[in-house]
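The opening residue of the sequence shown carries number 1 in the UniProt record's numbering; numbering runs sequentially from there. Ideal Cβ positions, reconstructed from N, Cα and C, are used throughout, including at glycine. None of these values were measured; they are calculated from a predicted model. To start, the structure itself, in structure tokens.
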Amino acid sequence: MFHHLRRSLHYAASSSGFPKRIGDSFAPHKICTRTVTLDVHMNYMGRDKKKQHKKERRDSGRASYRFVDRTRVRVSGGSGGNGSLSLERIGRKHKRRPDGGHGGNGGSIVIVADEHEQTLRWTKPHVTADAGSHGGSVNKNGRNGKNTVLRVPCGVVIRRVLDYDEEWDAQNKTVIKLEPEVDDGGDVKYLGSPVEGNDEIDDDDDGDKLKPPKLNFENDEYDDIMDGSENMTFVPWGEREKVDIADLDTHGSYAVVAKGGRGGTGTSIYTGRQGRLPPMEDIAVHAKPQAGETAFLELELKLIADIGLVGFPNAGKSSLLAATSRATPHIAPYPFTTLNPLVGYVEYSDGTRLCVADVPGLIQGASEGRGKGHDFLRHLERTKALLFIVDAAGMDGRDPVDDLEILVDELQAYGDGDMLNRRALVVANKMDLLEEHDREDVMDGLMSVVTESGIQMEGDIIGISAGVTGEGLGLLTNYMRKVVQLSEADNEERDESSASIL
Ligand SMILES: Nc1nc2c(ncn2[C@@H]2O[C@H](COP(=O)(O)OP(=O)(O)OP(=O)(O)O)[C@@H](O)[C@H]2O)c(=O)[nH]1
Ligand SMILES: [Mg+2]
1 MFHHLRRSLH YAASSSGFPK RIGDSFAPHK ICTRTVTLDV HMNYMGRDKK KQHKKERRDS
61 GRASYRFVDR TRVRVSGGSG GNGSLSLERI GRKHKRRPDG GHGGNGGSIV IVADEHEQTL
121 RWTKPHVTAD AGSHGGSVNK NGRNGKNTVL RVPCGVVIRR VLDYDEEWDA QNKTVIKLEP
181 EVDDGGDVKY LGSPVEGNDE IDDDDDGDKL KPPKLNFEND EYDDIMDGSE NMTFVPWGER
241 EKVDIADLDT HGSYAVVAKG GRGGTGTSIY TGRQGRLPPM EDIAVHAKPQ AGETAFLELE
301 LKLIADIGLV GFPNAGKSSL LAATSRATPH IAPYPFTTLN PLVGYVEYSD GTRLCVADVP
361 GLIQGASEGR GKGHDFLRHL ERTKALLFIV DAAGMDGRDP VDDLEILVDE LQAYGDGDML
421 NRRALVVANK MDLLEEHDRE DVMDGLMSVV TESGIQMEGD IIGISAGVTG EGLGLLTNYM
481 RKVVQLSEAD NEERDESSAS IL
């Protein structure tokens, strides 16, 4: 059938002055043939249609990407290539000239902060870099393996989970690999395998290939093992010691998290040396490449925004972001409409712009983790200023003054308690629903909370209507810029004073 169609196309093409044969190098002819036959395929073959449909569905899902702000990944640098043991025969004599090339080095894994990235989006649990290729005869050195670059958003903290035989050297900021212990009997054992009577540890009984015990979390043995060994250092992933190895907070900052292995040395290193070659066994030892480093990492994103919105669910945070920036957050009259932090940019006529983070609503007990409080508060840690927003009309039967008190208490209780050591704005939203005299009461109530608590408020409390009339938004955006400028000046001053102390 298709053959038939192609032929008719062929005739059509030839009659219109196109080259005659299918597969001819003349481009228009090729294009014409391919597009038309593909269309026909789609009509007659359901499979292709299904494929396209699937692709469309996939693409439509991509538009609203999944926000991931915490992930675990295992990274391994590539191993080096073997050095070549080649010896070139010279003439007819039993003379050999070493001509083996060196192995290439393995690629490393590099994590780079990129301002165009929004989320920790790759999902591979184990990322590896290219291995170096082997050296060859005639002095051919192996190619170095390519580095694998992982792009992450700015504000990612990289934590390394220490393995059972690793230790953190805080002074040099490196991970040290511990040597296996050798006991009195000459047996080698790793620090992580002090479990006595576990036959699984050394099943081939050659003493030097001791592996850490495999812990089976599903059966009761695990508890027994943990009870019986006080000095045991082998602990499951989740409970192991973690160390911060990098904080990628600016665009372009990077960290090499797993180095590639060095390539093996080829025999060409002995070219031109006087005397006999060392024994082949020795050469072979040096020709062996190094394996790449492996590391278990935890990546955690802490948004870096100029202003963070702090408020109860339904206070109108997303409405404010939508009214002042080009961001399009979901807005709806039920709590926890926003489930993932979202960033928008407020633009000013002079070209400056502010990055504002809409963080999901906080509730009482958020500082203890209630309502995913820890996950949301984390994103406020690095903001330059805070914007407290309360629902002045109390639409959910809440009281704006109580709300502000609770928010302040929660921020105070979170982490080191330094959340409130930054400048802030206090905003009363939904003012369109209030009568004139009610407005004054609310403002007075909020003001008393501000004076009692430790909020470093800039200017007055601002009344707005983010979702309906838009009143007060112009004033608010001006205040937002001012508060960020003041906060930047504070930070510079602090940096200067700390530098002068040093
Ligand atoms: N009358 C009035 N309603 C508003 C105003 N601003 C927001 N709303 C309404 O309040 C409801 C909640 O608004 P959101 O912007 O989704 O609130 P949110 O703080 O982002 O809520 P979560 O995402 O659940 O934390 C929506 O139904 C809005 O239409 C306002 O100024 N006046
Ligand atoms: Mg919201």
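Could you spell out the range, first to last residue, of the beta strand (DSSP E) harbouring residue i?
{"i": "residue 530", "result": "Because residue 530 is not part of the residues shown, which for the chain are 1 to 502, the question remains open."}
{"i": "V138", "result": "No beta strand (DSSP E) holds V138; DSSP gives it neither H nor E."}
{"i": "L150", "result": "148 to 152"}
In the DSSP output, which residue or residues are listed as bridge partners for residue i?
{"i": "R159", "result": "D244, E298"}
{"i": "L342", "result": "D358"}
{"i": "residue 560", "result": "Lying outside 1 to 502, the shown extent of the chain, residue 560 is not represented and no answer is given."}
{"i": "V127", "result": "V75"}
{"i": "A255", "result": "I111"}
{"i": "E347", "result": "R353"}
Name the residue from the options whose alpha carbon lies nearest to the alpha carbon of residue i.
{"i": "R97", "options": "E410, T267, V161, V157", "result": "T267"}
{"i": "S325", "options": "Q364, P278, R353", "result": "R353"}
{"i": "V468", "options": "L434, K482, I111", "result": "L434"}
{"i": "D163", "options": "L476, F296, S76", "result": "F296"}
{"i": "S487", "options": "L420, D403, I464, S500", "result": "L420"}
{"i": "G311", "options": "L407, L87, L339, A246", "result": "L407"}
{"i": "V442", "options": "D418, M480, K55, D402", "result": "D402"}
{"i": "I269", "options": "L87, D495, H53", "result": "L87"}
{"i": "E452", "options": "G470, E405, D490, K54", "result": "E405"}
{"i": "R378", "options": "A305, R423, C355, S319", "result": "A305"}
{"i": "Y345", "options": "A332, A322, T337, V359", "result": "A322"}
{"i": "K140", "options": "E300, E241, G83", "result": "G83"}
{"i": "K317", "options": "T337, L299, A499", "result": "T337"}
{"i": "D358", "options": "S497, N340, D249", "result": "N340"}
{"i": "I464", "options": "I363, D247, A392, P289", "result": "A392"}
{"i": "V257", "options": "V73, H286, D165", "result": "V73"}
{"i": "W168", "options": "V285, Y479, R240", "result": "R240"}
{"i": "S76", "options": "E493, Q118, D48, K124", "result": "K124"}
{"i": "L320", "options": "E381, M457, I389", "result": "I389"}
{"i": "R481", "options": "D244, D418, R423", "result": "R423"}
What span of residues does the alpha helix (DSSP H) with residue i cover, start to end?
{"i": "G308", "result": "Premise fails: G308 lies in the beta strand (DSSP E), 307 to 311, not in any alpha helix (DSSP H)."}
{"i": "H379", "result": "First-last for H379: undefined, no H or E at that position."}
{"i": "E368", "result": "It is not in any alpha helix (DSSP H) - E368 carries neither H nor E in the DSSP assignment."}
{"i": "A323", "result": "317 to 324"}
{"i": "V468", "result": "Segment: none, V468 is in no alpha helix (DSSP H) and carries neither H nor E."}
{"i": "A287", "result": "280 to 287"}
Using beta carbons (cut-off 7 Å, strictly below), is residue i in contact with chain D?
{"i": "K55", "result": "In the structure shown, chain D cannot be found, because there is only a single protein chain."}
Rounded to whole angstroms, what is the Cα-Cα separation between residue i and residue j?
{"i": "D350", "j": "I176", "result": "52 Å"}
{"i": "D199", "j": "K173", "result": "With a pLDDT of only 41 at D199, under 50, the local geometry of the prediction cannot be trusted, and the value read off the model is given with reservation. Looking at the two C-alpha atoms, the distance is approximately 37 Å."}
{"i": "G292", "j": "G272", "result": "32 Å"}
{"i": "G415", "j": "K302", "result": "14 Å"}
{"i": "G376", "j": "G145", "result": "Residue identity differs from the one stated: residue 376 is Phe in this sequence, not Gly. In a straight line, the C-alpha of F376 is about 40 Å away from that of G145."}
{"i": "P335", "j": "G373", "result": "14 Å"}
{"i": "residue 527", "j": "G397", "result": "No information on residue 527 is available, as it lies outside the stretch 1 to 502 that the chain covers here."}
{"i": "I111", "j": "G103", "result": "25 Å"}
{"i": "R276", "j": "A129", "result": "39 Å"}
{"i": "G261", "j": "G81", "result": "9 Å"}
{"i": "C355", "j": "L150", "result": "24 Å"}
{"i": "I109", "j": "A255", "result": "9 Å"}
{"i": "L476", "j": "I462", "result": "7 Å"}
{"i": "G371", "j": "I158", "result": "25 Å"}
{"i": "K55", "j": "R439", "result": "53 Å"}
{"i": "Q52", "j": "I455", "result": "55 Å"}
{"i": "N314", "j": "S253", "result": "37 Å"}
{"i": "D114", "j": "Q171", "result": "29 Å"}
{"i": "A284", "j": "H251", "result": "45 Å"}
{"i": "V343", "j": "D249", "result": "16 Å"}
{"i": "P278", "j": "G78", "result": "29 Å"}
{"i": "residue 503", "j": "G100", "result": "With the chain represented from 1 up to 502, any question about residue 503 goes unanswered, as that position is not in the structure."}
{"i": "T294", "j": "H134", "result": "21 Å"}
{"i": "I363", "j": "K50", "result": "46 Å"}
{"i": "S367", "j": "E410", "result": "5 Å"}
{"i": "P333", "j": "K430", "result": "13 Å"}
{"i": "R47", "j": "L85", "result": "53 Å"}
Check whether the Cβ of residue i sits closer than 6 Å to any heavy atom of ligand 3, and report yes or no.
{"i": "D169", "result": "Of the ligands this structure carries, namely ligand 1 and ligand 2, none is ligand 3."}
- Message: Quick check for students: name the residue ranges of the alpha helix (DSSP H) that lie wholly in the stretch 382 to 464, counting only runs of 4 or more.
- Response: 400 to 413, 436 to 452
- Query: Which ranges does the beta strand (DSSP E) cover as unbroken runs of at least 3 residues, wholly within the stretch 51 to 116, from first to last along the chain?
  - Reply: Listed in chain order, they are 70 to 76, 87 to 90, 95 to 98, 109 to 113.
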